[in-house]
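K.L.:
Residue numbers (this note's numbering): 1043 to 1401. Where is the CB? At the ideal position from N, CA and C, for every residue including glycine. Please see the structure below; I have some questions.
Laid out in structure tokens, this is it:
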């Protein structure tokens, strides 16, 4: 019996619910359905262990299952809506980090499905052929799936590539050991506060990964400096949600920005970052500017409804991301940050970027 966490089961749930609903609804920035934005689904495409599987809607409640273009099954989906509800209730009730959903086993056998999700190497979690009323076309588009049923998921994963480097001036080297020895529960903030208290000043020195630097500058040339300021403010305890950090951008003694923009400009640039991270860009892989999950984002709401952000409501998606993401603190030992170090007669400290959904 297959087991998975709530996020993995949510991908399978999305698959069977879309089979039952036969359409995907657009959402506003508050995850509410927008009546005049919806996409009839002509086909659902999944990557299985045996390769590509296509699920086409036939007459009535029939679903054609095709492998390598050849029909291998004709499934009666008349009971699918009831099964979808049962699967959703089982996912909601799942209390373990990994659990089975018995009612799903029969569905997986019937639909020749062998896996819950698309795996970690793909930005798109599911591919749909939709009827696009705006253009009249019938494209196959990939969507990334985010679930609100489990723990808050990560939008941008931390790594050594997301380490931002700050030069410290005005700090006597005799304080390095003392500062690095701080091991409180909020040790990153406390170490930074100690640096400031002892006369230290920060300036942006770069990012550990040249690739990530180039990726950020492709989004906007000044984005590395803006993110560096927000990240420093976060670790100094000025807030965690991006909307709050933007509201206070440039305030206080720890401002490291060397240019002055309206806060609406900063908000626009951060929204662009979030949008591109969500749909294509990863830190340590050279990014060509293309959006891999080119259909957009599918959200599994807490009530089981499924809504999406597509190209035609991209502004709502950007606003949703901005209002619902925050910085988070990963493991300092795993990613090697938050310690003062000396290099070429200068002092530096690294801070790791991680962006997580607020819920």
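Run through the DSSP bridge pairs and tell me what residue 1117 is partnered with.
P.N.:
Along the chain shown, read from residue 1 onward, the residue named residue 1117 stands at position 75. The partner list for residue 1117 (beta bridge, DSSP) reads 1105.
K.L.:
Within this structure, are the beta carbons of residue 1311 and residue 1265 separated by less than 7 Å?
P.N.:
Residue 1311 sits at position 269 when you count from the first residue of the chain shown. Residue 1265 sits at position 223 when you count from the first residue of the chain shown. Their beta carbons are under 7 Å apart, which means residue 1311 touches residue 1265 by this criterion.
K.L.:
Just to confirm the assignment, what range does the beta strand (DSSP E) spanning residue 1368 have?
P.N.:
Working through the chain shown from its first residue, we reach residue 1368 at position 326. Run containing residue 1368: 1367–1369, per the beta strand (DSSP E) assignment.
K.L.:
So, using beta-carbon positions, are residue 1148 and residue 1169 closer together than 7 Å?
P.N.:
Translated into the one-based positions of the chain shown, residue 1148 becomes position 106. Translated into the one-based positions of the chain shown, residue 1169 becomes position 127. Not in contact: residue 1148 and residue 1169 (Cβ atoms no closer than 7 Å).
K.L.:
Three or more beta-carbon pairs under 8 Å between the segment 1345–1364 and the segment 1061–1080, yes or no?
P.N.:
Contact holds: three or more Cβ-Cβ distances are below 8 Å.
K.L.:
For residue 1308, list the residues DSSP reports as bridge partners.
P.N.:
Position 266 of the chain shown, counting from 1, holds the residue named residue 1308. Beta-bridge pairing links residue 1308 to no other residue.
K.L.:
Hey, residue 1096 and residue 1108: beta-carbon distance below 7 Å or not?
P.N.:
Locating residue 1096 in the chain shown gives position 54, where the first residue counts as 1. Locating residue 1108 in the chain shown gives position 66, where the first residue counts as 1. Yes, they are a contact pair.
K.L.:
Rounding to the nearest angstrom, what Cα-Cα distance links residue 1196 and residue 1186 in this structure?
P.N.:
What you label residue 1196 is simply residue 154 of the chain shown in a count that begins at 1. What you label residue 1186 is simply residue 144 of the chain shown in a count that begins at 1. Each residue's alpha carbon lies about 13 Å from the other.
K.L.:
From the DSSP secondary-structure annotation, give me the bridge partner or partners of residue 1094.
P.N.:
One-based indexing of the chain shown puts residue 1094 at position 52. Paired residues: 1089.
K.L.:
Would residue 1318 and residue 1261 be called neighbours here (beta carbons separated by less than 7 Å)?
P.N.:
Position 276 of the chain shown, counted from the first residue, corresponds to residue 1318. Position 219 of the chain shown, counted from the first residue, corresponds to residue 1261. It is a contact, given that the beta carbons lie within the stated cut-off.
K.L.:
When you compare each of 1128, 1400, 1188, 1100 to residue 1350 by their alpha carbons, which one comes out closest?
P.N.:
Looking up residue 1350 in the chain shown gives position 308. It is 1188.
K.L.:
Please report the distance separating the alpha-carbon of residue 1342 from that of residue 1192.
P.N.:
Counting from 1 along the chain shown, the entry for residue 1342 is found at position 300. Counting from 1 along the chain shown, the entry for residue 1192 is found at position 150. Each residue's Cα considered, the two are about 10 Å apart.
K.L.:
Run the CB neighbour count on residue 1059, radius 10 Å, all protein chains shown included, and call it buried at 16 or more, exposed below.
P.N.:
The residue labelled residue 1059 in the question sits at position 17 within the chain shown. Result: buried.
K.L.:
With a threshold of 7 Å on Cβ separation, who are the neighbours of residue 1090 within its own chain once the five nearest residues in sequence on each side are excluded?
P.N.:
Taking the first residue of the chain shown as position 1, residue 1090 is located at position 48. These residues qualify, in order along the chain: 1155, 1156, 1157.
K.L.:
Since residue 1202 and residue 1377 should fall inside the 8 Å C-beta cutoff, what is the C-beta to C-beta distance between them, to a whole number of angstroms?
P.N.:
In the chain shown, the residue the question calls residue 1202 occupies position 160. In the chain shown, the residue the question calls residue 1377 occupies position 335. Right, their Cβ atoms sit about 6 Å apart.
K.L.:
Taking residue 1347 as the reference, which of 1051, 1130, 1100 has the closest Cα?
P.N.:
Here residue 1347 refers to the residue found at position 305 when the chain shown is read from its first residue. That would be 1130, whose Cα lies nearest to the Cα of residue 1347.
K.L.:
Along the chain, where does the alpha helix (DSSP H) containing residue 1271 start, and where does it finish?
P.N.:
As a first step, residue 1271 must be located in the chain shown, where it is residue number 229. Residue 1271 -> alpha helix (DSSP H) spans 1265–1277.
K.L.:
Using the beta-carbon count (16 or more within 10 Å), is residue 1306 buried or exposed?
P.N.:
Taking the chain shown and counting its residues from 1, the one referred to as residue 1306 is at position 264. It is exposed - the Cβ of residue 1306 has fewer than 16 other Cβ atoms within 10 Å.
K.L.:
Pull up the distance between the alpha-carbon of residue 1206 and that of residue 1194, whole angstroms please.
P.N.:
Translated into the one-based positions of the chain shown, residue 1206 becomes position 164. Translated into the one-based positions of the chain shown, residue 1194 becomes position 152. Taking the straight line joining both Cα atoms gives about 24 Å.
K.L.:
Which same chain residues, not among the five before or five after residue 1297, have their C-beta less than 6 Å away from its C-beta?
P.N.:
As a position in the chain shown, residue 1297 is number 255, starting the count at 1. Excluding sequence neighbours, residue 1297 sits near nothing in its chain.
K.L.:
Where does residue 1398 land, buried or exposed, given buried means 16+ other C-beta within 10 angstroms?
P.N.:
Residue mapping note: residue 1398 aligns to position 356 of the chain shown, counting from 1. The residue is buried, with at least 16 neighbouring Cβ atoms inside 10 Å.
K.L.:
Whose C-beta lies closer than 8 Å to the C-beta of residue 1140 among residues of the same chain, with five residues either side of it excluded?
P.N.:
Along the chain shown, one-based indexing puts residue 1140 at 98. Correct list, in chain order: 1045, 1046, 1047.
K.L.:
From the DSSP output, which residues share a beta bridge with residue 1168?
P.N.:
Reading the chain shown from its first residue, position 126 is the one you call residue 1168. Note: residue 1168 sits in a beta bridge opposite 1185.
K.L.:
Between the segment 1226–1241 and the segment 1211–1218, do at least 3 Cβ pairs fall closer than 8 Å?
P.N.:
These segments touch.
K.L.:
Can you tell me which of 1371, 1388, 1387, 1386 puts its alpha carbon nearest to the alpha carbon of residue 1416?
P.N.:
Missing from the structure shown is residue 1416; the chain here goes from 1043 to 1401 and no further.
K.L.:
Per DSSP, which one or two residues make a beta bridge with residue 1205?
P.N.:
Locating residue 1205 in the chain shown gives position 163, counting from the first residue. Bridge partners of residue 1205: 1394.
K.L.:
CA-CA distance, residue 1043 and residue 1134?
P.N.:
Mapped onto the chain shown, residue 1043 falls at position 1. Mapped onto the chain shown, residue 1134 falls at position 92. Rounded to whole angstroms, residue 1043 to residue 1134 spans 18 Å at the Cα level.
K.L.:
Please go through the same chain and pick out, in chain order, the residues whose beta-carbon is closer than 6 Å to the beta-carbon of residue 1098, but skip the five residues on each side of it.
P.N.:
Working through the chain shown from its first residue, we reach residue 1098 at position 56. Around residue 1098: 1085, 1106.
K.L.:
Report the three-state DSSP secondary structure of residue 1144 (helix, strand or coil).
P.N.:
Against the chain shown, residue 1144 aligns to sequence position 102. Helix.
K.L.:
For residue 1257, I'd like the list of residues in its chain whose CB is within less than 6 Å of its CB, leaving aside the five on either flank, ordered along the chain.
P.N.:
Numbered from 1 along the chain shown, position 215 holds the residue referred to as residue 1257. Excluding sequence neighbours, residue 1257 sits near 1323, 1329.
K.L.:
With 16 as the cutoff for other CB atoms within 10 Å, does residue 1092 come out buried or exposed?
P.N.:
The residue given as residue 1092 occupies position 50 in the chain shown. So residue 1092 counts as exposed.
K.L.:
Among residues of its own chain, excluding the 5 on either side of residue 1332, which ones have a beta-carbon nearer than 7 Å to its beta-carbon?
P.N.:
For the purposes of this step, residue 1332 is taken as residue 290 along the chain shown, with counting starting at 1. Result list for residue 1332: 1322, in chain order.
K.L.:
Using C-beta distances below 7 Å, list every residue in its chain close to residue 1115, excluding the 5 sequence neighbours before and after it, in chain order.
P.N.:
Here residue 1115 corresponds to residue number 73 of the chain shown, with the count starting at 1. 1107, 1154, listed in sequence order.
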